[in-house]
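Protein chains: 2
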Amino acid sequence: MDALHAITLGDVLREHRRSRPAHLAVVDGEVRRTFFELDERVNRLAHALAAEGVGPGERVLWLGQNSARIVELLLAAAKLGAMCCPANWRQTADEIAFVIDDLAPRVIVWQEDEVGDAVRAARSLASAPATWLRHDTDDTDLDGYEAFLATGKSDDLEEPVDPSTPLLLIYTAAFGGRPNAAMLSHRACIEQGIVYGHFTGASGDDVYLNSGPMFHLGTLMHLLATFVFGGTNVFVPRVDGETLCRVIEAERCTGAFLVGPIFEQILAADPDGRYDLSSLRTVPAGRDWNARTGRDPSPWAAAPGGYGQTEAVGMMTFSCLALGAIGTHGRTSPLLQVRVVDEDGSDVADGEPGEIVTRGPTVMNGYWNRPEENAHRARGGWHHTNDLGRREADGSITFVGPKTRMIKSAAENIYPVEVEQCIAAHDAVVECAILGVPDERWVQSVKAIVVLREGATITPDELVEHCRSRIASYKKPRTIEFVDALPRNGWAVDYDALDAEFGGGNYPGGSVPSA
Amino acid sequence: MDALHAITLGDVLREHRRSRPAHLAVVDGEVRRTFFELDERVNRLAHALAAEGVGPGERVLWLGQNSARIVELLLAAAKLGAMCCPANWRQTADEIAFVIDDLAPRVIVWQEDEVGDAVRAARSLASAPATWLRHDTDDTDLDGYEAFLATGKSDDLEEPVDPSTPLLLIYTAAFGGRPNAAMLSHRACIEQGIVYGHFTGASGDDVYLNSGPMFHLGTLMHLLATFVFGGTNVFVPRVDGETLCRVIEAERCTGAFLVGPIFEQILAADPDGRYDLSSLRTVPAGRDWNARTGRDPSPWAAAPGGYGQTEAVGMMTFSCLALGAIGTHGRTSPLLQVRVVDEDGSDVADGEPGEIVTRGPTVMNGYWNRPEENAHRARGGWHHTNDLGRREADGSITFVGPKTRMIKSAAENIYPVEVEQCIAAHDAVVECAILGVPDERWVQSVKAIVVLREGATITPDELVEHCRSRIASYKKPRTIEFVDALPRNGWAVDYDALDAEFGGGNYPGGSVPSA
Chain A
474 MDALHAITLG
484 DVLREHRRSR
494 PAHLAVVDGE
504 VRRTFFELDE
514 RVNRLAHALA
524 AEGVGPGERV
534 LWLGQNSARI
544 VELLLAAAKL
554 GAMCCPANWR
564 QTADEIAFVI
574 DDLAPRVIVW
584 QEDEVGDAVR
594 AARSLASAPA
604 TWLRHDTDDT
614 DLDGYEAFLA
624 TGKSDDLEEP
634 VDPSTPLLLI
644 YTAAFGGRPN
654 AAMLSHRACI
664 EQGIVYGHFT
674 GASGDDVYLN
684 SGPMFHLGTL
694 MHLLATFVFG
704 GTNVFVPRVD
714 GETLCRVIEA
724 ERCTGAFLVG
734 PIFEQILAAD
744 PDGRYDLSSL
754 RTVPAGRDWN
764 ARTGRDPSPW
774 AAAPGGYGQT
784 EAVGMMTFSC
794 LALGAIGTHG
804 RTSPLLQVRV
814 VDEDGSDVAD
824 GEPGEIVTRG
834 PTVMNGYWNR
844 PEENAHRARG
854 GWHHTNDLGR
864 READGSITFV
874 GPKTRMIKSA
884 AENIYPVEVE
894 QCIAAHDAVV
904 ECAILGVPDE
914 RWVQSVKAIV
924 VLREGATITP
934 DELVEHCRSR
944 IASYKKPRTI
954 EFVDALPRNG
964 WAVDYDALDA
974 EFGGGNYPGG
984 SVPSA
Chain B
474 MDALHAITLG
484 DVLREHRRSR
494 PAHLAVVDGE
504 VRRTFFELDE
514 RVNRLAHALA
524 AEGVGPGERV
534 LWLGQNSARI
544 VELLLAAAKL
554 GAMCCPANWR
564 QTADEIAFVI
574 DDLAPRVIVW
584 QEDEVGDAVR
594 AARSLASAPA
604 TWLRHDTDDT
614 DLDGYEAFLA
624 TGKSDDLEEP
634 VDPSTPLLLI
644 YTAAFGGRPN
654 AAMLSHRACI
664 EQGIVYGHFT
674 GASGDDVYLN
684 SGPMFHLGTL
694 MHLLATFVFG
704 GTNVFVPRVD
714 GETLCRVIEA
724 ERCTGAFLVG
734 PIFEQILAAD
744 PDGRYDLSSL
754 RTVPAGRDWN
764 ARTGRDPSPW
774 AAAPGGYGQT
784 EAVGMMTFSC
794 LALGAIGTHG
804 RTSPLLQVRV
814 VDEDGSDVAD
824 GEPGEIVTRG
834 PTVMNGYWNR
844 PEENAHRARG
854 GWHHTNDLGR
864 READGSITFV
874 GPKTRMIKSA
884 AENIYPVEVE
894 QCIAAHDAVV
904 ECAILGVPDE
914 RWVQSVKAIV
924 VLREGATITP
934 DELVEHCRSR
944 IASYKKPRTI
954 EFVDALPRNG
964 WAVDYDALDA
974 EFGGGNYPGG
984 SVPSA
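Read top to bottom, the protein sequences are chains A and B.
For the first sequence, the residue numbers in the working numbering are 474 to 988.
For the second sequence, the residue numbers in the working numbering are 474 to 988.
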């Protein structure tokens, strides 16, 4: 290992302890800890975990809601060369049991409040042995997190850890009917923290409210940026409008994980403007919101988003790098190379769809315990995203859709998004989802599931005619079904549910079974 | 080599060619090249260099003034896994000959204009064989740079290159009476480009005027940041006020390497404001300047500088990370750890001086061809800077001075800067330099070289009394000499010249002979 050039996430904490010892690192309810205090606790936790056999390559699992303790567990794992997985606490007992048996973690930290029933059921279903620590208890038993932590010494471990080894495990990508944990290295986490922090304007003065789920990169990217630049991370166990208002006012939060429904929950919880939200700097979000908060001056806020994957610690392209460009998903992060390739790995022509592949320091070290899939996805030294995209003539990138949902009609490839956009452009249509239905002769045929505007009337034939004049004939739907609403999986349309209901399948890229 | 996570400086160029093919990459006089065109030329040059035997680990040397061709040479070396050294063109023939024999480069690119005499003399003095290419000629002979480049194919080489290998060689640190070339890796250059670019607000819209010497990190850090973020680098062979005005106006430069005398040269060259300099965003620099240019809104501009070394691609701490702090040199870059240690490598207490050591991805891979020095400087897995500093109570850093100039009086360490500040605080004093003079009994004794304010009169005894009441008695000067001015080496006081003139020596950290 090359110690001279190494920096691990544990090293970032060590330097913060030296450089900003009295600066607030984490706030969680009544808990307020400086970088000095956080490092002391991380050391204690790391010693205690080491005594339970957590060493290089071992896993620790978090089964609970958002908490500053996730950061402690992640950083203790970092100092030990171990891996930390904050799992989705909204999962069923079966799903949690799968994660436990898949990871076989040495230590599991769990929560009784809200998720205790599912966790206890999962514990009885799972067969992998582990040390279980409950975090939301004042018990002084050693199966309580605080009591366990207190058994460790506060001096630094100083174990050498290679920054290229995996640290953060995030379950994603349910291909083959089961989720897979992307292994993200120290280096990937730190460098994405710096680059994402650059575009979002991160600084050591930031106070970031982790109001999104910490089992998802959307929030974690910003947590990492705030941490790497020495700012303050604030935690709430889950989203609740009134709590968010109270915390934003009390901690003078400068940023938060905000998506449509959270804006609404905050405004609904405080219609009279009793709370002072003026410290927040956000994207514009309606007159009521804008009147009470500041504007985010960062490049990111001018064009949030881009294209990303959990498998590359989130953002791979940034929309703010391509204002006014042809492509809809920005340009490549300065840390990465991105190519668009055919099945043989050769570049396709600009403007043509192909699979997005990438390489660079933020790319995952593979999925935990999936060696065959990993070899396939990393073939030729490029991470294959399983997503389709286009390189436009001006070098910008357009994300076309998951490769798994590409439709094959005879020799032709059909990209659902193109047909969906065409149909959605009709005045009578609110939205639309395109499926591929197995066809003995043509591999698949195109089926459109359409939601009409209230009071609108249009026949399937009329909609097909609309398509015929706008896109190549082989792309037009052969059949159309009208529905009142599309099923959703959080915000995304649940295509698996649609396939199950309307007979979709036979996708050449491999469909995702709905169970 | 881990291709999946690699990014070299050549890869950055490859991605820019894909992501912003038509964006201007370099401007140099009449020459204006897009990233597409730059990559085509770099490929040709790389093929031509490969045919001359330039492969992994080989060196190419630039002996000329600033030019876009330095970027081509650097990037061609990057694609070959070779190293590129832009040498100081102000050196004597002897000094240049030393560099040639020290590096033993396969290929030397040289310039006739202004530096031809010294280069030709050095060529006859040096014994290492090389292929010599003149760059400022229209000759179609193959010993002309352009004709040589044209022999190469424009297709990409696709040689695998490990980003941890050295790429950029910069001569520095003339300990032992000779300069030494710090070897900076691809990763070090890219990551410093990102972090320095973060604090200086770099973006793909930048047009950076390389108005400082490209053999020095001051300019190169900004060149790297501009390149990594996909902006435009503009070159002038050397600083000339009128030329700078013309180029700033013509290219709408947004930034430039500006230090005191350059501001003055620009204003002196254009006293009537004929040129439009309004595109420039700079730190404030006097009423005349401010009226004609914009203000730089970046964190860096709020507190430029910090502590840095060529051996870590420049900045290691940033002043803008410690506004209002105790320390005078900021806080640590997010890419590094910094410690302040004693001779045994143990941390000294906060507020106590010790040697600054660091580790992280921007640290050099050692000096070219100095294995013993490298082992010593990298002992314990930390780069020893040979500089003294303090970690203040608030975690900020103060640079105290070069370790080589620390003075020893019996068992006591004396830091010249502390005594200098004390004496300079006296009303009668303009400035002051502190030397250590060999002393048989006490190792060294303190000597002050003092410049008095015009018309001021003060005796040595009175100045010693001034010190006695302000700093520990053993730090006060034993002898004082008054001079009209301190000798300077560029901007810095030339302590070697003072030692030579006033008998300084016997420094325990090793003095720097004046050659």
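Ideal Cβ placement from N, Cα and C applies to all residues, glycine included.
From a predicted model like this one, the values you see are computed outputs, not experimental measurements.
Cβ pair residue i, residue j closer than 8 Å
| i | j | result |
| --- | --- | --- |
| A/V902 | A/V923 | yes |
| A/T835 | A/V634 | no |
| A/D860 | A/I829 | yes |
| B/T705 | B/D679 | yes |
| A/L740 | A/S684 | no |
| A/D512 | A/L546 | no |
| A/E865 | A/D820 | no |
| B/A577 | B/L598 | no |
| A/L794 | A/G803 | yes |
| B/L622 | B/A785 | no |
| B/L690 | B/E722 | no |
| A/W915 | A/S869 | no |
Closer than 8 Å to chain B by CB, residue i
| i | result |
| --- | --- |
| A/P844 | no |
| A/I799 | no |
| A/T805 | yes |
| A/E828 | no |
| A/R754 | no |
| A/Q810 | yes |
Neighbour list for residue i in chain A, Cβ cutoff strictly below 7 Å
| i | result |
| --- | --- |
| B/G868 | R491, S492, R493, P494 |
| B/V668 | I667 |
| B/H857 | Per Cβ cutoff of 7 Å: no residues; B/H857 is ~11 Å from chain A at best. |
| B/S771 | What B/S771 touches in chain A: nothing, since even the nearest Cβ is about 11 Å away. |
Cβ of residue i within 8 Å of any chain A Cβ
| i | result |
| --- | --- |
| B/A958 | no |
| B/R711 | no |
| B/I896 | no |
| B/R487 | yes |
| B/P986 | Bear in mind that the predicted position of B/P986 carries a pLDDT of just 37, short of 50, making it too unreliable to give a figure here. |
| B/V701 | yes |
| B/G459 | Outside the shown range of chain B, which is 474 to 988, sits residue 459 of chain B, and nothing can be said about it. |
| B/P851 | It is Ala, not Pro, that sits at residue 851 of chain B in the sequence shown. B/A851 counts as touching chain A. |
| B/R864 | yes |
| B/H671 | yes |
| B/S637 | yes |
Residues that residue i contacts on chain B, provided the C-beta gap is smaller than 7 Å
| i | result |
| --- | --- |
| A/A479 | R832 |
| A/G677 | L794 |
| A/G854 | A476, L477 |
Opposing strand residues paired with residue i [DSSP bridges]
| i | result |
| --- | --- |
| A/H856 | A/T831 |
| A/I887 | A/I880 |
| B/Q917 | B/P911 |
| A/Y681 | A/N706, A/G728 |
| A/R990 | Only positions 474 to 988 of chain A appear in this structure, which leaves residue 990 of chain A out of reach. |
| B/I581 | B/L534, B/W605 |
Where residue i meets chain B, residues with beta-carbon distance less than 9 Å
| i | result |
| --- | --- |
| A/G483 | Under the 9 Å cutoff, chain B gives no residues; its nearest Cβ is about 10 Å from A/G483. |
| A/A776 | Result: empty, since nearest Cβ-Cβ is about 13 Å, beyond 9 Å. |
Under 9 Å from the C-beta of residue i: neighbouring residues of chain A
| i | result |
| --- | --- |
| B/H659 | Near B/H659 there are no residues of chain A at all, since even the closest Cβ is about 12 Å away, more than 9 Å. |
| B/V836 | L477, H478 |
Which ranges would you report for the beta strand (DSSP E) in the region 778-852 of chain B if only whole runs of at least 3 residues count?
-> 810-814, 826-832
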